[in-house]
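Residues in the sequence shown are numbered from 55 upward in steps of one, following my numbering.
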Amino acid sequence: MKTRLFLLACASFLLLPSVSAADPLDKVNDSVSALDFALKRLEGVIASAKKVQLGKQHDDMQRFLNGIYLLKNNRPQDAAALFLSLISHPTLGKEATFYLSEAMFTSANYLVAADYYWMVVEQRWDPAFRSKAIKRLLEISIKTQNYRGIEKLVELVDQMPELKDSPEVNYARGKFAYYQAYEEFQKPAGERREAWANDKFLEALRFFDKIGPTLDKDRKKVFPLLYPQAVYFSGASLVRMAQVGATSFVRSGKTVNLTQYTTSLGEMREMLMFEAVRRFSVLASDTVIQKWIQKVPAQAGEDEVKYFEPR
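Right under this line is the structure:
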């Protein structure tokens with residue numbers, strides 16, 4: 055391979071016209087342009103050779119690991135080529151299908167990614183991969199504003215006990231309900247369905263409220279990766295609910311009926327805003343959360359996580 059590349063490089067240079075100091079500037083520029091074109095062609099050949107080296111010259115497991123390496127190093131299109139060749143593999147096929155989906159998602163090929171994420175969900179395979187696939191499908195529906203099949207997805211999740219209470223799934227369903235309500239809320243005052251929007255914000259709040267820290271064997275707090283986002287959007291939901299005149303909210307899985315404390319809509323609005331501020335302040339004031347976010351910044355920021363590996 056090295057000999058062939060060397061000969062190709064030599065040929066590229068030999069095909070260029072000779073240039074001397076006495077040649078006109080235009081001729082020199084033309085020669086430089088031709089040289090640049092030849093070098094780019096050579097770079098293309100080298101790139102193709104590397105892909106062959108990463109692919110066909112290795113066994114299936116090495117090709118899979120090469121795909122993971124490319125995906126982690128922001129080369130999703132190259133990774134996709136390797137994963138695509140492995141989706142029918144008897145042992146690696148299911149994982150390859152998931153990572154092909156991830157490669158398509160990070161390349162912004164959302165519709166193609168959705169097709170493969172659906173395959174992951176329907177394979178009834180590893181819950182960690184399926185939870186992520188469900189979250190991605192809901193993200194794609196928001197990005198593309200195409201909600202076809204979402205009802206089916208939600209019904210499917212409800213039939214899967216191992217996924218129903220997953221932080222990934224709860225966050226995705228909460229974010230989707232929040233987005234639906236937010237879109238309705240953007241309509242003119244006389245056209246929007248405020249009661250419907252409030253119900254959706256309350257639904258979102260219920261899902262976000264399910265995502266909380268747990269205690270490990272040493273009684274120390276353990277946070278789900280999406281905990282900061284869930285806290286933020288729970289506060290945002292409360293702000294919107296205050297704007298549409300909500301009379302109740304959810305805290306720690308229980309419904310708090312504000313009519314038990316006051317009949318004034320103004321006071322109810324203030325109570326909802328106070329609850330929103332309380333939740334927002336948790337992210338800033340809780341030293342344990344702050345240390346955790348600083349310790350795992352990549353995992354704590356949803357938009358920063360370009361590559362997912364279940365733990």
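From the three backbone atoms N, C-alpha and C, an ideal C-beta is built for every residue, glycine too.
In this text, all values refer to a predicted model and were calculated from it rather than measured experimentally.
**Study point:** Beta bridge counterpart(s) of S302 as assigned by DSSP
**Key:** N311
**Study point:** Nearest candidate by alpha-carbon position, reference S335, set P282, V211 and Y153
**Key:** P282
Exercise for review: Using 10 angstroms around the beta-carbon of T198, count the other beta-carbons present and answer buried if the total reaches 16, otherwise exposed.
Suggested key: exposed
Check your understanding: Considering T160, what are the terminal residues of the alpha helix (DSSP H) in which it resides?
Key -> For T160, the enclosing alpha helix (DSSP H) has its first and last residue at G147 to T160.
Check your understanding: Got a sec, what are the start and stop residues for the alpha helix (DSSP H) R294 sits in?
Key -> Y281 to Q297
Point to revise | Selection from E176, S139, L279 and F239 that minimises the alpha carbon distance to A290 | key: F239
Point to revise | Whole-Å CB distance - D263 paired with S288, under 8 Å assumed | key: 6 Å
Check your understanding: Could you give the C-beta distance for L192 and A167, rounded to a whole number, given that I count them as a contact under 8 Å?
Key -> About 13 Å; that fails the 8 Å criterion.
Exercise for review: Quick one: grab the DSSP three-state call for K197.
Suggested key: helix
Check your understanding: Quick one: what does DSSP say K275 is sitting in, helix, strand or coil?
Key -> When DSSP states are grouped into helix, strand and coil, K275 belongs to the strand group.
Exercise for review: Please state whether DSSP places L119 in a helix, a strand or coil.
Suggested key: helix
Point to revise | Where V82 falls, given that 16 or more other Cβ within 10 Å makes a residue buried | key: Because V82 carries a pLDDT of 47, less than 50, the predicted location of this residue cannot be relied on, and no value is offered for it.
Check your understanding: Nearest CA to the CA of P267: which residue from S220, A243 and V175?
Key -> S220
**Study point:** G228 - containing alpha helix (DSSP H), residue span
**Key:** P221 to F239
Check your understanding: Helix, strand or coil: how does DSSP classify L140 here?
Key -> coil
Point to revise | Cβ-based neighbour list, S302, same chain, cut-off 7 Å, excluding 5 preceding and 5 following | key: T309, V310, N311 and L312
Review point. What separation, rounded to the nearest whole angstrom, lies between the Cα atoms of R294 and F118?
Key: Approximately 46 Å between the Cα atoms of the pair.
Check your understanding: According to the neighbour-count rule (16 or more other Cβ atoms, all chains shown, within 10 Å of its Cβ), is L269 buried or exposed?
Key -> By the 10 Å Cβ count, L269 comes out exposed.
Review point. What residues in its chain sit with their C-beta under 6 Å from that of I204, if we drop five residues either side in the sequence?
Key: S195
Exercise for review: Out of F328, T145, G121 and E176, state which residue places its alpha-carbon closest to the alpha-carbon of F138.
Suggested key: In the sequence under discussion, the amino acid at residue 138 is Leu, which differs from the Phe named in the question. It is G121 whose Cα lies nearest to the Cα of L138.
**Study point:** Reference N128; option with closest CA among P144, E156, T145 and L140
**Key:** E156
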